[in-house]
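J.: One structure, as structure tokens, below. Some questions next.
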Amino acid sequence: MNTPLIVGNWKMNGGLETNQRLLDDVRAGCSGLGRCDVAVCAPFVYLGQLQTLLTGSSVAVGAQDVSAHEGGAYTGEVSAAMLREFAIRYVIVGHSERRQHHGESDSVVASKARQALAVGITPIVCVGETLQEREAGRTEEVVRRQLAAVIHVNGHCISEIVLAYEPVWAIGTGRTAAAEQAQQVHAVLRAQLRAASAHSDRVRIVYGGSMNATNAAGLLAQPDIDGGLIGGASLKAADFLAIVAAGVGRASALR
Ligand code: PGA
12 MNTPLIVGNW KMNGGLETNQ RLLDDVRAGC SGLGRCDVAV CAPFVYLGQL QTLLTGSSVA
72 VGAQDVSAHE GGAYTGEVSA AMLREFAIRY VIVGHSERRQ HHGESDSVVA SKARQALAVG
132 ITPIVCVGET LQEREAGRTE EVVRRQLAAV IHVNGHCISE IVLAYEPVWA IGTGRTAAAE
192 QAQQVHAVLR AQLRAASAHS DRVRIVYGGS MNATNAAGLL AQPDIDGGLI GGASLKAADF
252 LAIVAAGVGR ASALR
């Protein structure tokens with residue numbers, strides 16, 4: 012079984028003081044955890060602060076985006092090599108908020124994943140359908156298309172990614188996919204990964220979309236849900252740590 016992975020996605024939230032308080036609590040709550048990997052993905056400007064505060068802890072640092080380009084005249088962009096200098100372990104790519112508000116296409120997302128992999132950072136590739144697409148019965152087609160673009164560009168390196176299934180209608184809405192509903196899509200993605208790479212069973216497929224302290228254990232009890240990508244609930248230490256505890260529970264149950 013893959014070690015569960017719980018990732019906080021702070022989105023555009025935070026401040027030097029609040030970050031410090033939150034990270035002190037998360038760091039303390041995660042010490043001596045055992046079999047659950049934990050990461051926090053913060054806005055770029057705070058990555059130096061996170062690196063300082065989390066060095067020597069079991070909590071890894073992640074970014075929320077990376078440029079699709081290696082370097083050069085791309086004002087406002089941050090390259091994968093720059094992230095590497097801050098000991099970044101993970102980077103979220105293709106979050107639906109970036110696809111929606113910043114027009115990121117499947118191929119841009121695939122290039123971002125490639126830039127991350129090239130410097131040894133694990134991309135957390137997000138896929139997920141909108142409500143309209145779900146209601147039209149197009150969920151599988153959409154997530155398969157989004158993942159296929161990343162497989163196409165990254166070839167056998169696909170076994171080095173983390174995949175996040177995040178139904179757009181469940182993000183920040185308090186409306187979680189039922190555990191069985193999420194499991195069904197995770198199984199489709201798992202099959203697609205297996206067809207692409209012989210080593211893909213090591214890919215963790217995490218769920219995101221209103222995961223919280225109450226529903227985490229049920230989601231993490233599903234065979235193909237290897238962890239969570241947590242937005243709102245990652246901003247409160249107690250809620251985030253309760254989800255981490257559910258991740259530890261998955262590890263013990265499936266050992
Ligand atoms: P949420 O966000 O947990 O607030 O729904 C998840 C995400 O967008 O990654």
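Numbering (our numbering), first residue to last: 12 to 266.
From the three backbone atoms N, C-alpha and C, an ideal C-beta is built for every residue, glycine too.
Just so it is clear, the structure is predicted and the values come from calculations on it, not from any experiment.
Determine the DSSP secondary structure at V130, reduced to helix, strand or coil.
T.: To locate residue 130, count along the sequence shown from 1; it is residue 119. If DSSP states are grouped into helix, strand and coil, V130 belongs with coil.
J.: Any heavy atom of the ligand PGA closer than 7 Å to the Cβ of I216?
T.: Numbered from its first residue, the sequence shown carries residue 216 at position 205. False, no ligand heavy atom lies under 7 Å from that Cβ.
J.: State yes or no: is the C-beta of G242 nearer than 7 Å to some heavy atom of the ligand PGA?
T.: Reading the sequence shown from its first residue, position 231 is the one you call residue 242. At least one heavy atom of the ligand PGA is nearer than 7 Å to the Cβ of G242, so yes.
J.: Considering only residues of the same chain and omitting the five flanking positions on each side of E140, which have a CB-CB separation below 7 Å?
T.: For the purposes of this step, residue 140 is taken as residue 129 along the sequence shown, with counting starting at 1. So the list reads R149, T150, V153, V154, P178, V179, once near-sequence residues are dropped.
J.: Need the endpoints of the beta strand (DSSP E) that D48 sits in, please.
T.: Residue 48 sits at position 37 when you count from the first residue of the sequence shown. Looking at the DSSP string, the run of the beta strand (DSSP E) that includes D48 is 48 to 53.
J.: Measuring only the C-alpha atoms, how far is L34 from L61?
T.: Working through the sequence shown from its first residue, we reach residue 34 at position 23. Working through the sequence shown from its first residue, we reach residue 61 at position 50. L34 and L61: Cα-Cα distance of roughly 8 Å.
J.: Nearest CA to the CA of A92: which residue from Q192, S118, Q75, I132?
T.: For the purposes of this step, residue 92 is taken as the residue at position 81 of the sequence shown. Minimum Cα distance to A92 is reached at I132.
J.: Count the CB pairs spanning the segment 156 to 168 and the segment 228 to 235 that are closer than 8 Å, and state whether there are at least three.
T.: Verdict: no, contact absent.
J.: Touch check for the segment 37 to 56 and the segment 248 to 256: three-plus C-beta pairs under 8 Å?
T.: Touching, yes.
J.: Give the DSSP-derived three-state secondary structure of A79 in the structure shown.
T.: In the sequence shown, counting from the first residue as 1, residue 79 sits at position 68. Reduced to three states, the DSSP call for A79 is coil.
J.: Please list the segments of the alpha helix (DSSP H) lying wholly inside the segment 169 to 214, counting only runs of 4 or more residues, in order along the chain.
T.: Here the runs fully enclosed are 190 to 207.
J.: Give me the DSSP bridge partner(s) of L16.
T.: The residue you call residue 16 lines up with position 5 of the sequence shown. Answer by DSSP bridge pairing, in chain order: D48, G238.
J.: Alpha carbon to alpha carbon, how far is A160 from L128? Give it in angstroms, no decimals.
T.: What you label residue 128 is simply residue 117 of the sequence shown in a count that begins at 1. What you label residue 160 is simply residue 149 of the sequence shown in a count that begins at 1. Spanning the two alpha carbons is a distance of roughly 15 Å.
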